[in-house]
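What follows is a single structure, written as structure tokens, with notes after it.
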Amino acid sequence: MVHPEVLVVGAGPVGLTAAIELRRRGVACRIIDPLLEPPQYAKAVGIQPRSLEVFESMGVLRHILDAAIQMRGQIVYVNGDEVARLELALPADVPFEFIGLPQYETERILTEYLATFGTTIERGTKLTAFEQDDDGVVATVTGADGDDTVRTQYLLGCDGAHSVVRKGLGLTFEGGAFVEQYMLGDVEVDWSMPRGYGIRSMHQTDGETDDLLVCIPLPGRRRYRMSMLVPSDLAGTGTPAADKIAHGFEAGPKPELNHIQAVLDRLSPEPTRASNLRWSSVFRISHRIVDSYGRGRVFVAGDAAHIHPPTGAQGMNTGIQDAHNLAWKVALAVSGAAASDLLDSYDAERRPVGEEVVGRTVRSAREGIGAGSSDPDYVIRREAQLLISYADSPIVAQPESNAALTPGSRAPDARGLTRAAVAFPLRLFTLLAGRNHTLLLYADESVDARGLELLEAAATSVEAATQGLVDTYLVASPSADVGETVLPLVRDRDGEFAHAYGAEGSAAFVVRPDGYLGFRQSPVAVDGLTEYLKSTFR
Numbered sequence: 000m001v002h003p004e005v006l007v008v009g010a011g012p013v014g015l016t017a018a019i020e021l022r023r024r025g026v027a028c029r030i031i032d033p034l035l036e037p038p039q040y041a042k043a044v045g046i047q048p049r050s051l052e053v054f055e056s057m058g059v060l061r062h063i064l065d066a067a068i069q070m071r072g073q074i075v076y077v078n079g080d081e082v083a084r085l086e087l088a089l090p091a092d093v094p095f096e097f098i099g100l101p102q103y104e105t106e107r108i109l110t111e112y113l114a115t116f117g118t119t120i121e122r123g124t125k126l127t128a129f130e131q132d133d134d135g136v137v138a139t140v141t142g143a144d145g146d147d148t149v150r151t152q153y154l155l156g157c158d159g160a161h162s163v164v165r166k167g168l169g170l171t172f173e174g175g176a177f178v179e180q181y182m183l184g185d186v187e188v189d190w191s192m193p194r195g196y197g198i199r200s201m202h203q204t205d206g207e208t209d210d211l212l213v214c215i216p217l218p219g220r221r222r223y224r225m226s227m228l229v230p231s232d233l234a235g236t237g238t239p240a241a242d243k244i245a246h247g248f249e250a251g252p253k254p255e256l257n258h259i260q261a262v263l264d265r266l267s268p269e270p271t272r273a274s275n276l277r278w279s280s281v282f283r284i285s286h287r288i289v290d291s292y293g294r295g296r297v298f299v300a301g302d303a304a305h306i307h308p309p310t311g312a313q314g315m316n317t318g319i320q321d322a323h324n325l326a327w328k329v330a331l332a333v334s335g336a337a338a339s340d341l342l343d344s345y346d347a348e349r350r351p352v353g354e355e356v357v358g359r360t361v362r363s364a365r366e367g368i369g370a371g372s373s374d375p376d377y378v379i380r381r382e383a384q385l386l387i388s389y390a391d392s393p394i395v396a397q398p399e400s401n402a403a404l405t406p407g408s409r410a411p412d413a414r415g416l417t418r419a420a421v422a423f424p425l426r427l428f429t430l431l432a433g434r435n436h437t438l439l440l441y442a443d444e445s446v447d448a449r450g451l452e453l454l455e456a457a458a459t460s461v462e463a464a465t466q467g468l469v470d471t472y473l474v475a476s477p478s479a480d481v482g483e484t485v486l487p488l489v490r491d492r493d494g495e496f497a498h499a500y501g502a503e504g505s506a507a508f509v510v511r512p513d514g515y516l517g518f519r520q521s522p523v524a525v526d527g528l529t530e531y532l533k534s535t536f537r
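The sequence shown begins at 0 in numbering that gives the first Met the number 0 and counts up by one.
Spelled out as structure tokens, the structure:
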């Protein structure tokens with residue numbers, strides 16, 4: 000494919016997510032990466048519950064879980080004594096918990112899934128220049144056979160902290176760098192620490208941390224990605240200049256097993272021996288964010304848009320959700336079905352998220368996760384990325400007064416749904432795993448024949464207003480008299496849907512392809528529903 004509809008630059012988890020979501024919607028795309036081989040580093044290793052919801056909707060969840068280890072919590076030691084134990088248990092309404100998986104495994108799974116759509120990564124190919132106008136983008140890419148000119152409708156920059164796309168757009172990338180340098184190592188140990196728990200061990204003098212060991216569990220037997228302060232014989236010299244993006248792996252000597260063993264000898268909760276060093280590196284941390292997530296037909300996502308400390312495993316997860324948010328909008332634009340300013344909502348929705356994550360991870364790196372809040376339920380949901388809200392988005396409806404669930408919020412799951420010809424109860428998320436928006440119409444026992452006609456008329460109007468790009472379900476209470484409906488019917492057997500969505504009487508909920516509630520209305524009024532959809536559909 001010489002001239003795709005979309006060119007994706009960068010084949011890490013963010014670029015792969017974008018390409019998969021585009022291909023799922025029939026968009027012709029190319030994905031390029033300058034590396035000849037994917038790196039085999041356990042760089043980003045934590046996957047949040049919200050990202051698992053994204054992977055479920057994409058169709059890769061089973062493969063991700065098969066390869067992962069559950070992250071059960073963290074044990075904190077100070078000067079050899081256990082001082083805290085955090086359990087990473089999610090509330091019962093959340094379908095998934097935290098897992099650990101090396102980034103290269105995440106990339107492998109996504110790459111193999113992308114290939115099922117007939118798209119493979121063009122490795123050894125880099126973006127060297129691009130120009131855009133009102134009709135598209137002309138990019139120059141360079142590979143083994145020289146330069147190639149690519150004409151495309153949209154260009155997505157998922158090309159990391161040193162993004163060529165970001166620089167080509169002239170975006171600012173304000174922030175700074177940590178003075179400290181760290182080293183990483185992927186090793187196995189022979190200790191008796193409980194499986195699935197991270198270990199954070201510190202030495203403090205007068206309340207100040209002067210030595211640090213952080214161990215994140217990986218799949219395998221007693222295997223961890225360990226990070227620690229770099230020893231003097233591996234440390235680089237000087238402090239990075241304010242305008243230099245010092246983020247990621249450093250050139251120079253790599254830590255050896257003896258460097259990691261020395262830290263374990265000082266800080267391990269019990270005597271242990273490290274072995275099987277798979278890889279290691281010295282790295283620096285910066286914290287920066289762009290002034291815009293896109294201009295015209297060119298966008299940035301992931302590390303190309305925001306970089307920050309790895310505290311709480313927020314980086315890759317935030318980038319994956321950037322791509323998930325952007326791809327369905329670009330797909331609608333490519334098809335000609337998007338409202339004229341739909342793509343502007345990407346920056347409006349995701350840049351505030353990036354700003355919050357950068358600020359929070361910098362604070363967490365200094366003060367610890369959860370500092371500043373005494374509510375553990377709030378902290379765990381925030382770290383799981385379940386509290387992101389797009390309430391101020393231009394494509395989200397204004398909330399009704401006293402609504403239990405407001406537009407812009409993550410659409411919650413609900414269990415105990417039943418439907419004809421299915422022997423076992425369903426989860427709501429299994430109905431939301433398609434490529435389109437989903438219209439959930441609700442009816443309880445107060446809805447009569449005339450009310451059912453109104454709900455069916457709403458479904459017909461929505462189909463016409465969206466060129467059929469909305470999937471519709473009627474979710475009914477067990478006693479609602481709607482058995483003659485022509486709509487796909489799901490019964491809310493246990494009342495979980497009604498409780499989670501605050502549904503009563505007749506109600507309408509529009510859930511976007513990225514799993515966020517865009518609109519709610521009760522009672523249902525066809526005009527208000529179709530008017531809302533004009534913010535998204537042409």
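The beta-carbon is built from N, C-alpha and C at its ideal position, and this holds for glycine as well.
- Going by beta carbons, Ala506 and Tyr500 fall inside the 9 Å limit.
- Between the alpha carbons of Arg220 and Leu89 lies a distance of about 25 Å.
- Remark: fewer than three beta-carbon pairs, one from each stretch, lie closer than 8 Å, so the stretch 316-325 and the stretch 172-183 are not flagged as touching.
- For Arg24, the closest C-alpha among the options Ile379, Val333 and Phe177 is that of Val333.
- Ranked by Cα distance from Ala419, the first of Val474, Gly135, Val461 and Leu386 is Val474.
- Counting along the chain, the unbroken alpha helix (DSSP H) around Ser344 starts and ends at Asp343 to Glu366.
- Across the structure, Ala479 and Gln384 are spaced so that their CA atoms are roughly 35 Å apart.
- CA-to-CA, the gap between Leu266 and Glu81 works out to about 12 Å.
- Taking 9 Å as the cut-off, the Cβ atoms of Thr437 and Arg492 do not count as close.
- For Leu453, DSSP assigns no beta-bridge partner whatsoever.
- Between Gln102 and the set Val523, Lys125, Ile63 and Leu211, the nearest pair of CA atoms involves Ile63.
- By the criterion of a C-beta distance shorter than 6 Å, Met315 is surrounded in its chain by Pro12 and Ala43, once the five residues flanking it on both sides are discounted.
- The beta carbon of Arg350 lies closer than 6 Å to those of Tyr292 in the same chain, with the five residues before and after it left out.
- From the listed residues Gly167, Arg61 and Thr171, the smallest Cα separation to Ile306 is found for Thr171.
- Straight-line spacing of the CA atoms in Glu366 and Asp209 works out to 14 Å.
- Beta bridge pairing from DSSP links Ile74 with Arg84 and Ile198.
- For the pair Leu6 and Arg29, the CB atoms are nearer than the 9 Å cut-off.
- Taking the Cα positions, Tyr223 is about 11 Å away from Trp278.
- In the structure shown, the three-state DSSP call for Pro216 is strand.
- One Cα belongs to Arg537, the other to Ala338, and the distance between them is close to 4 Å.
- Across the structure, Gly135 and Phe177 are spaced so that their CA atoms are roughly 39 Å apart.
- Unbroken beta strand (DSSP E) stretches of 3 residues or longer found wholly inside the stretch 465-503: 469-475 and 488-491, given in chain order.
- The beta-carbon distance between Tyr472 and Leu486, rounded to whole angstroms, is 7 Å. This is short enough to meet the 8 Å contact definition.
- Bounds of the beta strand (DSSP E) holding Phe282 are Ser279 to Arg283.
- DSSP places Lys125 within a strand segment (E or B) once states are collapsed to three.
- By the C-beta criterion, the stretch 400-416 is judged not to be in contact with the stretch 32-48, since fewer than 3 inter-stretch pairs fall below 8 Å.
- Taking every protein chain shown into account, the CB of Gly433 has fewer than 16 other CB atoms within 10 angstroms, so this residue is exposed.
- Excluding its 5 nearest sequence neighbours in each direction, Ser56 has C-beta neighbours in its own chain below 7 Å: Leu431, Ala432 and Gly514, listed in chain order.
- Between His2 and Thr151 the beta-carbon gap is near 7 Å, inside 8 Å, which marks them as a contact.
- No Cβ-Cβ contact shorter than 9 Å links Gly167 with Val329.
- Between the alpha carbons of Phe129 and Thr139 lies a distance of about 6 Å.
- A Cβ-Cβ contact shorter than 9 Å links Phe97 with Gln47.
- By the C-beta density criterion, Arg194 is exposed, having fewer than 16 other C-beta atoms within 10 angstroms.
- Runs of the beta strand (DSSP E) spanning 3 or more residues and lying entirely within the stretch 269-327 occur at 279-283, 285-289 and 297-299, in chain order.
- Within 10 angstroms of the beta-carbon of Leu35 lie fewer than 16 other beta-carbons, which makes it exposed.
- Sequence-distant partners of Pro375 (beyond 5 residues in either direction) whose C-beta falls short of 8 Å from its own C-beta, in its chain, are Gly369.
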